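Read in order, the letters of the sequence shown correspond to residues -20 to -1, 1 to 411 in mature numbering (1 follows the signal peptide of the UniProt record, and there is no 0). Worksheet: the structure to be examined is printed underneath.
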Amino acid sequence: MLAFVLALSMLLMACGSGGAGSSESPGNETATPGADQPEGKQEQTLSGTITVWLHPYVSEEKKNDMKAVFDGVISQYNSKYPDVKVKLEEIPWKNREQKILTAIAAGNGPDVFYQLPDQIPQFASKDVLEPLGPYMDDNQMDDFTPGALAAGTYLDTLYALPILQEAQLMFYNADIIKEIGEDPSALPQTWDEFNVWAEKAVAKGYYARDFNGGSACCNATLYPILWQQGGDVIDGNGEIVINNEAGVRTFQMIKDMYDKGWIPKDSISNQDQSAEFLSGKMLSVWGSGLTQTVLKEEKFNYAAGPPLKGAEQASFGTVGMFAVPKNSKNKQAAVEFIKVLTNTEAQKKFNKLANYIPTRKSASSIYEGDKDMIIFLTVTPYTRPGVMSLVARTIMPKIQAELAAMLEGGKAPQEAADAAAKAIQDDMNKS
């Protein structure tokens, strides 16, 4: 079960069924002349129709509750723009990216749609997204967490407003902590501290942590460790840096964990090692809020701690955002809608129901008193959405292959990092 949950958390596809539904608000069907111009260049008299494509963000049992959340957003929006008709259409997660691109290219796509971080460069490079910066003067942008805004930004241009974010932490087996003579209320903060615990756990026959080297690579495996060591895959200037000093040190760390037996031997190809953790064979796992939900359901005796600090402190967490296509016939109305959809009130209701973290700091009060969720909130300021590049998705299996070659003994860490860098460059040359 945890394997299923972890997979969903990384893809940000909340449990639920596919299918489609719609909800409409009353309004005028005629588009307002000039309604596609940025705010400040026209009067705020909007009309016409906007179509919003959503996805099943919650389980079937919560579907009506989520509909009520979106109906409330429409009501708030129409209190200011009563002449705009809002059509909500739910589309399945499967094949959604191709469906969106095809519809936009044909000129019959939505006016608002949902994006994930690694899709922003792809869509922006195709020039299909409306830049949002000119519309944002009144939107309290400093209330958003920096990492969430970064997820919707490509080449210094904002293309999407975030509604939800995820963060990942270290989860520990509290019983093993006590067995090795440590305190579950004083968890490791740094890699040096964790290494001491790891040695003790391995000496007693446990694994120190998980490393899902199969298809889970790389957002929840290599990348967080790489960032924590002060490294990156591609830097802000578009330069490949995975094989610099920090990168090679990270590859060496992973090899050392494997050679010492800190991670299971099947870490080369395993897509999920939660069974070892749940069966009491592993000190810690790297996981998300959905991991925590399952641990609570299983009544597992766990302790949640922060991402480990090396040269830096960093975590991975995807971000869910809403964007407007450049060829929308009612861009101004669409942008004003996503402002309401991502405001404090809407984020509180959406994220409380969907069990995600708000991207507005003013909405974080929904988790007051929940000590576990508060940990996630403290992590979001240094949470990263992954690699923001046109090749973000295509390079992952190639990096994974080089890690596997290293763990199998076929390549030294420097050789594996260099080979990964070459594979990334090859993909960039093709893009």
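Quick reminder that beta carbons are idealized off the backbone N, C-alpha and C, glycines included. All values derive from a computational prediction rather than experimental measurement.
- In the displayed model, S268 falls within coil according to three-state DSSP, outside both helix and strand.
- Residue range 99 to 105 is occupied by the alpha helix (DSSP H) that includes Q99.
- For G127, the secondary structure class from DSSP, reduced to helix, strand or coil, is helix.
- Within the DSSP bridge table, the entry for I30 names V66 as partners.
- Pairing L263 with L288, the inter-Cα distance amounts to about 14 Å.
- DSSP, read as helix, strand or coil, puts K279 in coil.
- The beta carbons of F231 and A397 sit about 5 Å from each other, so the pair counts as a contact at 8 Å.
- Within the model, the alpha-carbon separation for T29 versus N323 is close to 21 Å.
- Taking C-beta separations shorter than 7 Å and ignoring five residues to either side along the sequence, the partners of I71 in its chain run A(-1), W33, H35, K79, following chain order.
- Distance from the CA of F330 to the CA of A401, rounded to the nearest whole angstrom, comes to 40 Å.
- Of W242, K245, W177, L202, the smallest CA-CA separation from A226 is found for L202.
- Judged by DSSP secondary structure, M233 falls outside any beta strand (DSSP E) and instead within the alpha helix (DSSP H) spanning 225 to 239.
- Taking a cut-off of 8 Å for Cβ pairs, the segment 272 to 288 and the segment 302 to 311 do not touch, as fewer than three such pairs fall below it.
- Linking M46 to F317 through their CA atoms gives a straight-line distance of about 17 Å.
- By the criterion of a C-beta distance shorter than 7 Å, S344 is surrounded in its chain by P338, L357, once the five residues flanking it on both sides are discounted.
- The shortest C-alpha to C-alpha distance from Y57 to any of P114, V320, G241 is the one to V320.
- DSSP places S254 within a helical segment (H, G or I) once states are collapsed to three.
- A distance of 9 Å or more separates the beta carbons of A313 and G52.
- Taken atom to atom, the span from the alpha-carbon of K60 to that of V108 is near 28 Å.
- Rounded to whole angstroms, the gap between the alpha carbons of G241 and L387 is 12 Å.
- The secondary-structure analysis by DSSP pairs L144 across a beta bridge with G300, P338.
- Annotated three-state conformation of R76 is helix, per DSSP.
- When A183, K311, K410, T374 are compared, the shortest CA-CA separation from V92 is found for K311.
- Each residue's CA atom was taken as its position, placing Y362 and A294 some 5 Å apart.
- For M150, the uninterrupted beta strand (DSSP E) segment begins and ends at 149 to 153.
- Nearest Cα to Y336 within the set E41, T298, S369, Q208: T298.
- A distance below 8 Å between beta-carbons, with the five flanking residues on each side excluded, links K180 to the following residues of its chain, in chain order: I160, G161, E162.
- Between D155 and Q253, the gap from beta carbon to beta carbon reaches 9 Å or more.
- At the C-beta level, I157 and W177 come within 9 Å of one another.
- Residue pairing for L81: DSSP places it in no beta bridge.
- In the structure shown, the three-state DSSP call for Y347 is helix.
- With three or more CB-CB distances shorter than 8 Å, the segment 128 to 142 counts as touching the segment 99 to 115.
- Under DSSP, S295 shares a beta bridge with T363.
- A distance below 6 Å between beta-carbons, with the five flanking residues on each side excluded, links A48 to no residue of its chain.
- The bridge partners DSSP lists for T137 are Y134.
- Boundaries of the alpha helix (DSSP H) harbouring Y203: 202 to 208, taken from the DSSP string.
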